[in-house]
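Visitor: The working numbering applies: residue 1253 is where the sequence shown begins, and numbers increase by one.
All C-beta atoms in this analysis are idealised placements derived from N, C-alpha and C, irrespective of residue type, glycine included.
Note that the structure is predicted; figures quoted are calculated from it, not measured.
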Amino acid sequence: MRILLKILDVSSALIVLIFILSVMGVNVLTGRRPRQLRRKLLVLDMAYTLEMVRERQLHEAVTCRDLNGYFEHVWSVHPCATVIPPSNPMDLYGPVEETSLAENHTIAEGKIGRYDLLKSFPLLNFLLSQWHVYCYLINLIRKEHICAVRAGDPYYLGLWAVLISRVCKIPCAVRVNVNYDAFYASTGNLAFPRLFRKRWIEKLIDRYTLKRMDLVAGANQDNLDFAIANGARKEYATIFRYGNLIHSAHFVPQEKRPSPQEILEPLGVWQKPFSFTISRLEPLKHPDDILRVIAELKKRGYILNAIIAGEGSMGPSLEVMAKELDISGQMVFAGNRNQEWLATVIPHATVIISPFMGRALTEAALGGRSIVAYDIDWQGELIQTGITGELVPYKDWQAMTDAVEKYLRDPGYAKRMGENAKALILEMMDPVKLTEHERKTYESLFRRFFSKAMPTQ
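1) Looking at the unbroken beta strand (DSSP E) that takes in PHE1526, where does it start and where does it end?
2) Please classify SER1565 as buried or exposed, where buried requires at least 16 neighbouring CB atoms within 10 angstroms.
3) In chain order, which beta strand (DSSP E) runs of at least 3 residues are fully inside the region 1527 to 1562?
4) Confirm the yes/no value for this check: CB of GLY1587, any heavy atom of the ligand FMN, distance under 7 Å.
5) Tell me the residue span of the alpha helix (DSSP H) that contains MET1680.
6) If you drop the 5 nearest sequence neighbours on each side, which residues of the same chain put their C-beta closer than 6 Å to that of THR1439?
7) Starting from MET1573 and walking both ways along the alpha helix (DSSP H), at which residues does that stretch end?
8) Going by beta carbon distance, what residues of the same chain come within less than 8 Å of ARG1451, once the five residues before and after it are set aside?
9) Would you call the region 1630 to 1639 in contact with the region 1457 to 1475, where contact means no fewer than 3 C-beta pairs closer than 8 Å?
10) For HIS1357, does the three-state DSSP call read helix, strand or coil?
11) Beta-carbon within less than 6 Å of LEU1516's beta-carbon, same chain only, minus the 5 sequence neighbours each way: which residues are those?
12) Among ARG1306, TRP1383, PHE1492, which one has its Cα closest to the Cα of ALA1274?
13) Restricting to Cα atoms, I'd like to know which of GLY1581, ASP1466, ILE1605 is closest to LEU1519.
14) Give the secondary structure of MET1609 by DSSP, where H, G and I count as helix, E and B as strand, and everything else as coil.
15) Between the C-alpha atoms of LYS1674 and PRO1331, what's the straight-line distance to the nearest angstrom?
16) Starting from PHE1702, trace the alpha helix (DSSP H) in both directions and tell me its first and last residue.
17) Note down, one range per segment and in chain order, each alpha helix (DSSP H) of at least 4 residues found wholly within the region 1467 to 1527.
18) Tell me the rounded alpha-carbon separation between GLU1454 and ASP1297.
19) Determine, using beta carbons only, whether ASN1557 and ARG1308 come nearer to each other than 8 Å.
20) Under 6 Å Cβ to Cβ from LEU1686, same chain only, skipping five residues before and after it: list those, please.
21) If you draw a straight line from the C-alpha of LEU1613 to the C-alpha of MET1342, how long is it?
22) The beta strand (DSSP E) spanning SER1328 covers which residue range?
23) Span of the alpha helix (DSSP H) holding ALA1586?
24) Taking only three categories from DSSP, how would you classify TYR1322?
25) Around the Cβ of TYR1282, are there at least 16 other Cβ atoms within 10 angstroms (buried) or fewer (exposed)?
26) Would you give the residue range spanned by the beta strand (DSSP E) that ALA1403 belongs to?
27) Helix, strand or coil for LYS1371? Go by DSSP, reduced to three states.
28) Suppose you measure from the CA of TYR1488 to the CA of THR1461; what does that come to, to the nearest Å?
29) Please list, in chain order, all residues of the same chain as ARG1402 whose beta carbon is under 6 Å from its beta carbon, the five residues on each side excluded.
30) Which partner residues does SER1352 have in the DSSP bridge list?
31) Classify LYS1455 as helix, strand or coil using the three-state DSSP reduction.
32) According to the neighbour-count rule (16 or more other Cβ atoms, all chains shown, within 10 Å of its Cβ), is LYS1524 buried or exposed?
33) Going by Cα to Cα distance, which pick from ALA1655, GLU1396, GLU1690, VAL1597 is closest to LEU1549?
34) Between which two residues does the beta strand (DSSP E) carrying TYR1626 extend?
35) Whole angstroms are fine: how far does the CA of LEU1543 sit from the CA of LEU1660?
36) Please classify CYS1399: is it buried, with 16 or more other beta-carbons within 10 angstroms of its beta-carbon, or exposed?
What follows is the structure, encoded as structure tokens:
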């Protein structure tokens, strides 16, 4: 019976896919630009669901997309939000749902399937759901006179952005937040394993979309280098750093932040030395190397506790590893925490250990603590050995251990490195300067794309 259902699912999905592609092809050929264009932006983003935004206090990371009023309204759309199972199982299937996050910001979420009745036909149901998302987006752009679409990756969302821009005759942009070539080389994992299955397919896609983007922004230089190496045009490429995405709690001076006693006491690390890391518990992030560092320090006579804030597939195996290394009593797996919790804890860490932290490295540096980081992705842009911290060779946990020990032996040096890193990150991630840079970049894009027909404000 299961085999029959699978055959029916695949067969019907192929028929629907052919129909959808045919209609999309016709739309590209006959598509037209909305008669009136306004400064309104459509952002395709799969980083967080609305549920995650609320739980982790990520509102500012989303609402900042209007660039302090430059865009009259912004829609952030997740095409298949329930790929991460929602807390309410009844929300798994259905139409696109809109939620007002702020006066000028709307979040819209598609589902993993369109109809509950078709849950036994997941492939067909997924295609129908994505077709519904497509119709929603095209109608939204024309109804609201949206002037640009931006994707959060060059793969699935990149394809969406290129398609929509061709149908509606508006510019498309992408913000690249990962060096996907380095990601694959390090872990052997695909960006979208359930969708594309093979790396060569993903390479065809990223080279296809990046060449067709009217604007490519890397979250840092390393990410931008990846995009340019895979076809992004240098003349239309820039860097949009994380600064204006950071929660305001991280910019509060350390002396004005709340006491962490109520947080740290239940964790058993109040008034004890501890390292701190914000990281997904996934192979790419190498959280296991933190355990190796803590165990090696213990052999050298240092009892340093470690707090890791984050969740992921490696969670259970890390707990087993902690027992094997005899450091279970020193490890705190804190799970996902909101921004105020993080901003309260960071300034009281003895050291920040960063095998591979993205935006979280900015949050850590704003806390003024000494940092040890692997030389990977953008970490070398911030951390320079002896100037703003300790940068060690990628995946060399022994060198990371030596660097942590250096801080433990010389607290004065650790304090200077933390202060220097904070000074640099405040300059590098100044929200006002970064927002102004983004505004000027979009202004240039609109002048180039629309010529004299600029969107009205």
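Guide: Looking at the atomic coordinates:
1) 1526 to 1530
2) exposed
3) 1557 to 1561
4) The ligand FMN is not part of this structure, which contains no ligands at all.
5) 1663 to 1680
6) PRO1535, LEU1536
7) 1567 to 1576
8) TYR1436, LEU1442
9) yes
10) strand
11) TRP1522
12) The displayed chain sequence assigns Ser, not Ala, to residue 1274. For SER1274, the nearest C-alpha among the options comes from TRP1383.
13) GLY1581
14) coil
15) 37 Å
16) 1683 to 1702
17) 1473 to 1481, 1513 to 1519
18) 18 Å
19) no
20) ARG1493, GLY1495, ASN1496
21) 37 Å
22) 1325 to 1330
23) Looking at the DSSP string, ALA1586 is not in any alpha helix (DSSP H), and its letter there is neither H nor E.
24) coil
25) In the sequence as presented, Tyr is not what sits at residue 1282; that position holds Thr. By the 10 Å Cβ count, THR1282 comes out exposed.
26) 1400 to 1403
27) coil
28) 14 Å
29) VAL1295, ALA1425
30) THR1358
31) helix
32) exposed
33) ALA1655
34) 1623 to 1626
35) 17 Å
36) buried
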